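Counting from 14, one number per residue, gives the positions in the sequence shown under the working numbering.
Built from N, CA and C at the ideal position, the CB exists for glycine as well.
Keep in mind it's a predicted model, so treat the numbers as computed, not measured.
Below: one structure, written as structure tokens.
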Amino acid sequence: MGRGEPGQGEGVAGGLVDHPERLWRNPEPAAAYDVIVVGGGGHGLATAYYLAKNHGITNVAVLEKGWLAGGNMARNTTIIRSNYLWDESAGIYEHSLKLWEGLEQELDYPILFSQRGVLNLAHSLQDVRDSVRRVHANRLNGIDAEWLDPAQVREICPIIDISPDVRYPVHGATYQPRAGIAKHDHVAWAYARAADALGVDLIQDCEVTGLRISGGRVTGVHTTRGTIAAGRVALSAAGHTSVVAKMAGIDLPLQSHPLQALVSELLEPVHPTVVMSNAVHVYVSQAHKGELVMGAGIDTWNGYGQRGAFHIIERQMAAALELFPAFARAHVLRTWGGIVDVTPDASPIVGLSPVDGLFLNCGWGTGGFKATPGVGWCYAHTVAHGEPHPLNAPFSLERFVTGALVDEHGAAAVAH
Numbered sequence: 014m015g016r017g018e019p020g021q022g023e024g025v026a027g028g029l030v031d032h033p034e035r036l037w038r039n040p041e042p043a044a045a046y047d048v049i050v051v052g053g054g055g056h057g058l059a060t061a062y063y064l065a066k067n068h069g070i071t072n073v074a075v076l077e078k079g080w081l082a083g084g085n086m087a088r089n090t091t092i093i094r095s096n097y098l099w100d101e102s103a104g105i106y107e108h109s110l111k112l113w114e115g116l117e118q119e120l121d122y123p124i125l126f127s128q129r130g131v132l133n134l135a136h137s138l139q140d141v142r143d144s145v146r147r148v149h150a151n152r153l154n155g156i157d158a159e160w161l162d163p164a165q166v167r168e169i170c171p172i173i174d175i176s177p178d179v180r181y182p183v184h185g186a187t188y189q190p191r192a193g194i195a196k197h198d199h200v201a202w203a204y205a206r207a208a209d210a211l212g213v214d215l216i217q218d219c220e221v222t223g224l225r226i227s228g229g230r231v232t233g234v235h236t237t238r239g240t241i242a243a244g245r246v247a248l249s250a251a252g253h254t255s256v257v258a259k260m261a262g263i264d265l266p267l268q269s270h271p272l273q274a275l276v277s278e279l280l281e282p283v284h285p286t287v288v289m290s291n292a293v294h295v296y297v298s299q300a301h302k303g304e305l306v307m308g309a310g311i312d313t314w315n316g317y318g319q320r321g322a323f324h325i326i327e328r329q330m331a332a333a334l335e336l337f338p339a340f341a342r343a344h345v346l347r348t349w350g351g352i353v354d355v356t357p358d359a360s361p362i363v364g365l366s367p368v369d370g371l372f373l374n375c376g377w378g379t380g381g382f383k384a385t386p387g388v389g390w391c392y393a394h395t396v397a398h399g400e401p402h403p404l405n406a407p408f409s410l411e412r413f414v415t416g417a418l419v420d421e422h423g424a425a426a427v428a429h
């Protein structure tokens, strides 16, 4: 449903919403813009929207080499939560969650945001210690968090196996009741529609092939549809951000990996929440239509292909069946892969670059979807003012020189 021509979509109560023929314009690129956003996924669209809404900057173009939201935005498992350990991570993700809670009303579009809660399972004594620590840290940051014993986990999710004699017994779980899921394509359409209404140009089939730099400052971009001048350029191209930044001579500390997920056939409602397990590397929810949505850990090899290795899917399914024996007769409907970019500390880079007027938003790993409103808000502030918003200031590129890392590698669950 790219190129601005979505058909009928689900309504808030599972009905149908009649779309107009197009939700946004398909303009030709202008000769120049105040701001060019490179990347038409969730982050790029949200950034453009908040540039216009919060800062009055409407002479903005979002350039997308394919179709809007056709990359990771369409290839994730839509989990939304804010229960991160470190203060810096908790700050930006909680800001995002608060925006999620009012987003459907603000954008006047059904995004199917469902606050069904997220369970992060503990399978060892060390898991328990780490999880309880995270609950206390969350509460100190004003984030809803609870520690549940196995019986309480079963109360939240009756189909989970809490037997003590399995390979990875469930010793308990953290629980964030306000967490949940949303319909990823609806989120993208909502931001695109709202940004377009404010005057933003959304330009598809427009790949950036080079950056124009003069005197240490970016002055525009070269694209497959011609050269476009710009006062500021904001990169938001997920796994390909390092490729685009290299055009400006910037080597970013990123590694891109495939990340796989899958859905089952449609089932009756059986799974009321979201369950994540780091030890067995699987996370499971049930989408609004009824399919089970499952994700795994990243494939270890580096690459930009939207595919992955079959053995990852095999391990993922084995892990899911250990936790949910009831799924043994479910059939896999389809699998897919996205491209995730990961930094050395598993936290994003959001802020200034060594080139004046060129801004960076990358390194979100597998946590990009849940951050969509929050990073769009903060990144727009950074681009508009030329300095970071307080919530994204800790995620500067300079931290890899100063050593002020935000190390989420050990603290995050499998779906960082």
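Buried or exposed by the 16-neighbour rule on C-beta atoms within 10 Å, applied to residue i
i      : result
Arg180 : exposed
Asp198 : buried
Lys78  : buried
Val131 : buried
Pro403 : exposed
Thr236 : buried
Leu373 : buried
Phe382 : buried
Pro367 : exposed
Gln118 : exposed
Trp37  : buried
Val221 : buried
Arg35  : exposed
Lys196 : buried
Gly228 : exposed
Ala300 : buried
Val459 : Examination of residue 459 is not possible in this model, given that the chain is present from 14 through 429 alone.
Asn67  : exposed
Thr91  : buried
Arg146 : exposed
Thr60  : buried
Val355 : buried
Gly223 : exposed
Glu101 : buried
Val148 : buried
Thr430 : Outside the shown range of the chain (14 to 429) lies residue 430, about which nothing can therefore be said.
Close-in-space but distant-in-sequence residues of the same chain around residue i (CB under 8 angstroms, 5 per side omitted)
i      : result
Arg328 : His294 and Ala309
Asp174 : Val183, Glu335, Leu336, Phe337 and Pro338
Cys170 : Leu132, His284, Pro285, Thr286 and Val288
Gly17  : Only weak support is given to the placement of Gly17: the predicted model assigns it a pLDDT of 39, under 50, and the value that follows is read from those uncertain coordinates. Cβ within range, chain order: Arg35, Leu36, Trp37, Arg38, Asn39, Leu81, Ala205, Leu215 and Gln217.
Ile124 : Leu116, Glu117, Ala195, Lys196, His199, Val200 and Ala203
Cβ neighbours of residue i in the same chain (closer than 7 angstroms, five flanking residues each side left out)
i      : result
Ala135 : Val141, Ser144, His184, Gly185 and Ala186
Asn151 : Asn96, Ala103 and Ala158
Gly212 : Ala65 and Thr71
Cys219 : Pro42, Leu76, Glu77, Lys78, Thr236, Thr237 and Arg238
Ala87  : His197 and Asp198
Opposing strand residues paired with residue i [DSSP bridges]
i      : result
Leu275 : Met307 and Thr348
Ala186 : Leu134 and Leu161
Met289 : Asn133 and Tyr296
Ile49  : Ala74 and Val246
Ile194 : Ile92 and Ser127
Val221 : Thr236
Leu215 : Val75
Ser176 : Partner(s): none; Ser176 has no beta bridge.
Ile226 : Val231
Contacts around residue i, its chain only, beta-carbon distance under 6 angstroms, and the 5 residues preceding and following it disregarded
i      : result
Tyr122 : Ala203
Gly350 : Pro271, Gln273, Gln319, Arg320 and Gly321
Cys391 : His402, Leu404 and Asn405
Gly193 : Ile93, Ser127, Gln128 and Arg129
Ala443 : Nothing in the structure corresponds to residue 443, since the chain is present only between 14 and 429.
Leu275 : Met307, Val345 and Thr348
Gly57  : Val50, Val75 and Ser249
Ala207 : Tyr62 and Leu120
Ala45  : Ala242
Ser409 : Gly364
Nearest-angstrom Cβ-Cβ length linking residue i and residue j, presumed shorter than 8 angstroms
i      : j      : result
Leu76  : Val51  : 5 angstroms
Arg225 : Val231 : 7 angstroms
Leu365 : Ala261 : Contact flag wrong, Cβ pair sits at about 13 angstroms.
Ile241 : Pro42  : 5 angstroms
Leu265 : Ser255 : 5 angstroms
Val353 : Gly233 : The Cβ separation is near 29 angstroms, so there is no contact.
Leu153 : Pro386 : Rounded, the Cβ-Cβ distance is 23 angstroms, inconsistent with contact.
Glu114 : Ile156 : Rounded, the Cβ-Cβ distance is 13 angstroms, inconsistent with contact.
Ser269 : Asn315 : 6 angstroms
Leu267 : Gly380 : So it is not a contact: roughly 14 angstroms between Cβ atoms.
Ser290 : Ala247 : In fact, because the Cβ distance is near 36 angstroms, the residues do not count as touching under 8 angstroms.
Short CB-CB distance (under 7 angstroms) between residue i and chain D
i      : result
His197 : The structure shown contains no chain D; it is built from a single protein chain.
* **Inside the stretch 114 to 147 only - alpha helix (DSSP H) runs reaching at least 4 residues** => Complete alpha helix (DSSP H) runs here, min 4: none at all.
* To do: Report the residue ranges of all beta strand (DSSP E) runs contained in full by the stretch 315 to 379; include only those spanning at least 3 residues, in chain order.
  => Annotation note: the stretch 315 to 379 contains the following uninterrupted beta strand (DSSP E) runs of length 3 or greater, listed N- to C-terminal: 345 to 355, 362 to 365 and 371 to 375.
* **alpha helix (DSSP H) runs wholly inside the stretch 231 to 270, at least 4 long, in chain order** => Secondary structure within the stretch 231 to 270: the alpha helix (DSSP H) runs of 4 or more consecutive residues, fully enclosed, are 254 to 259 (chain order).
* To do: Quick one: which unbroken alpha helix (DSSP H) runs of 4-plus residues sit fully inside the stretch 377 to 418? Chain order, please.
  => Qualifying alpha helix (DSSP H) stretches, in chain order: 385 to 398 and 412 to 415.
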